[in-house]
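Protein chains in written order, with this note's numbering: chain A, 66 to 454; chain B, 614 to 965. Worksheet: one structure, shown below.
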Amino acid sequence: MSEQSFYFDHGAGAPRLDEVAEAMVPWQHGVVGNPSGMHSASRAARRAIEDARDIVANFVGQPSHEVIFTGGGTESCHLAISGVVREHRQHHEVSDIIISPTEHHAVLNTALALADEFDDVRVRFLDVDDLGIVTTSSLWDNVGPNTAIVSVMTVNNETGVYQPIPVVGSVTAGGVPDGGISHTDAVAAAPWLYLPALTESIDMISIAAHKIGGPVNSGALVLRREIKLSPVSVGGGQERGHRGGTVDVAAAVGLAAACRVVDRERMEVNERVSALRARLEAALRYIPGVAITATEETRVPGCTHLTVEGLASEELLFLLDNAGIAASAGASCSSGASVVSHVLQAMKMPDDKARGALRFTMGRETTKEDVDQLIAVFADVVYRLRGEK
Amino acid sequence: MRVLVAMSGGVDSSVAAALLKEAGHDVVGATLKLWGGASDSGCCSVSDVDDARRVAHSLDIDHHIFNYTSEFEAAVVKPFVEDHAAGLTPNPCIECNRAIKFDLLFERAERLGFDAVATGHHALVESWNGQPTLTRSVDPLKDQSYVLGYIQGPILRRLMLPIGGMNKEEVRVHAERLNLRTWNKPDSQDVCFIEASRGREEFLGQRIELTSAEVFDRVTQEVVGRVPAAQLVTLGQRRGIAPGFDGERRFVASVDLVNRRVEVDRIEAIMVSAIALRPDSLTFAYDEVPNGTRVIVQWSAHGRPVSATLETSDAPRLILDESARPVSAGQSVVFYDAETGRHVLGAAQVGR
């Protein structure tokens, strides 16, 4: 077992930022006021939350957008889809949920569960090309008067590939009359993209703190004020009635602190990580049988998704881990076993190719030394598994 | 040695891992995810994986999950279904051992740099005639050498079976001593991919067309009953078969899927003294034994061992010393050394 570790799994969770940890400290010991209370400790908590709300609104959307703090990306997506659909079906005979087949399970399984629960709710899948990008024509074909919500992720969490979010916005926001509400799961996009550029035409956006150096179990749904959502939990009506339960001040403050750092450093980190990725991929391309899944210009800088011909992800990850490299296959099931990814299946990648899928994700902490180590170890592992070493 | 332990989440493999670690080996645990569908028994559920992982944590060893669901489907489940459709009686646990655990897992372990693979089976690998040989467990009630019968020399050289030298009680004592959370977990019994509550009939019924059949008395040729699924009827079976007019028990003498006909007869009329073996299925741990070798055979997991002579001609068969109820085609017979009765020589499938 290697002593040193090299982290290439930012996509699963970015290293917690010092600035985040420090911002959370005052809200993690001693008296932490309940933001709903009447005394000064409560008012202080309330103020911290409202300040955090402003920062998150500016990070994701527009200053006037509403921010609902949630327990992470999955809950944000669930609140968006379930909230809109439950509201929609009170006034419509049929409620369509339109999603891409490459969505994260947070969206995919929420949509399928709603269709399972209600006969009048249907899930319609958009067509995707061989990079998993939704086609413009299928957006125009599927969005119509029965559409409750269109949910397309900003960036795919496994491949790093961008979706045409401005097109989604233009179809729903006026392109098709009564074209439903648009939502984007921006969890994988948040470390890289300037999200307000997308929110002009998108109604709701979900983010998660732990992908940008914040705490886990912290996220937000950012939405236009006029959108009506059925609450996910009622309780005491916190978060403007959308999410009952005491708001976690530390989680909200931590999310905001992470947003602040990403905003401040985005340009510089994008540039640096792009260069690291170029260095990594230039070397990986020399290894026979390694195929990088998407071209550079179609994806975020920090994500390299690839397949290794004839080898299984499980064995690659095992030996990479032995050598101190933390990476991922992109998809795993509830038991922890790696599975053939639904994203790759939607891209019509053959199963035997998809079985050799790996995802290396980088972030602001990744160094040239990390990348060089990965290159050396990865080549060694591939040749060893092929019995050529 | 660097040892990969297959950990099902049960008490046996938990103790196997613990003992190897105590013996100073460099141990890594792996749980095989085999079945992707619903299951309420056996060893594929999230809670079993969880048990294995938590035992590994408590032993301070690494734990991994290896997903073999597509290989399991192709090598175990699909043949299980097809064999039933063809009127055979397959043993999926034997197939899983042969195709997955003692083949794919061993190949993987070698690629990943392990010197040996261990499992929690109740059996031993003993040096016998100078070669590592699969041997019965010291606990006759728990002995699992039967389901491992097809393992061959190259695998036996890298196989460790740490608990074959103790009985179940001793295994549990170890588990309790080590404070393993699985110490009082009940043994798994059934086929892991079939829900006990729903049964074989429903599982197969969703995959193949089960045909009902009329039951005839072989002597009188009168219809004496009906079975809902002829594919599930096994030669020699008594369960579900009504006694004859004379009040004596009847046993299944033949099953004809095409003509939907099951014939039954009295026990003494169905007894056989030879068992035909499928020629291409004959497997030996090392060299093929000479024609006419005296062996002790067993054709079910906890069946009674019977003395026999093994004919390894073009039409291989077993000549039994004492007659027995007929054995269905597709079942496996394991051959043990005639003198020790404990050392496995090989195995074969029963032919038609």
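Where is the CB? At the ideal position from N, CA and C, for every residue including glycine.
Residue i - DSSP class collapsed to helix/strand/coil
i	result
A:H275	helix
A:D195	coil
A:V241	coil
B:K646	strand
A:H307	coil
B:Y763	coil
B:F948	strand
B:D756	coil
A:V90	helix
A:A251	coil
B:S627	helix
A:Y72	strand
A:Y259	coil
Rounded separation between residue i and residue j - CA only
i	j	result
A:Q127	A:I230	17 Å
B:G857	B:V832	11 Å
A:A347	A:A213	44 Å
A:V365	A:S247	22 Å
B:L823	B:G642	40 Å
A:D435	A:V172	33 Å
B:V908	B:L923	7 Å
B:I821	B:W648	19 Å
B:F806	B:R839	28 Å
B:A729	A:I163	51 Å
B:F948	B:T925	12 Å
A:S393	A:L382	7 Å
A:S202	A:E330	37 Å
B:E935	B:D950	17 Å
A:L191	A:V232	13 Å
B:K691	A:S295	46 Å
A:E291	A:R154	18 Å
A:S406	B:A712	25 Å
A:E84	A:A323	8 Å
A:G452	B:R724	8 Å
CB contact below 8 Å: residue i versus chain B
i	result
A:V408	no
A:E362	no
A:F190	no
A:F124	no
A:L450	yes
A:F71	no
A:L173	no
A:L82	no
A:T384	The amino acid at residue 384 of chain A is misidentified as Thr; the sequence shows Leu. Yes, because at least one Cβ of chain B sits closer than 8 Å to the Cβ of A:L384.
A:A79	no
Of the residues the options, the one placed nearest residue i, counting alpha carbons only
i	options	result
B:D663	B:V640, B:H638, B:S627 and B:A687	B:S627
B:V946	B:R917, B:S926 and B:T953	B:R917
A:A315	A:A86, A:H169 and A:A343	A:A86
A:Q303	A:Q69, A:D83 and A:I133	A:I133
B:D927	B:F897, B:R891 and B:F679	B:R891
A:E131	A:F383, A:N335, A:K293 and A:P91	A:K293
A:M218	A:L384, A:F183, A:A251 and A:L196	A:A251
B:L793	B:D673, B:G650, B:Q962 and B:A619	B:D673
B:E789	B:V668, B:P767, B:L933 and B:R724	B:V668
B:G964	B:E901, B:H915 and B:L895	B:L895
B:F679	B:E720, B:H670, B:I932 and B:V694	B:E720
B:L958	B:G849, B:L769, B:K781 and B:I854	B:L769
CB contact below 8 Å: residue i versus chain A
i	result
B:L848	no
Chain-ordered chain A contacts of residue i [CB-CB under 7 Å]
i	result
B:R967	Past the boundaries of the shown model lies residue 967 of chain B; chain B is included only from 614 to 965, so the question cannot be answered.
B:R724	E380 and L450
Closer than 7 Å at the beta carbon, the chain B residues around residue i
i	result
A:F443	Within 7 Å Cβ-Cβ: nothing; A:F443 doesn't reach chain B, min ~16 Å.
Short CB-CB distance (under 8 Å) between residue i and chain D
i	result
B:L672	Within the model displayed, chain D is absent; protein chains A and B are what it includes.
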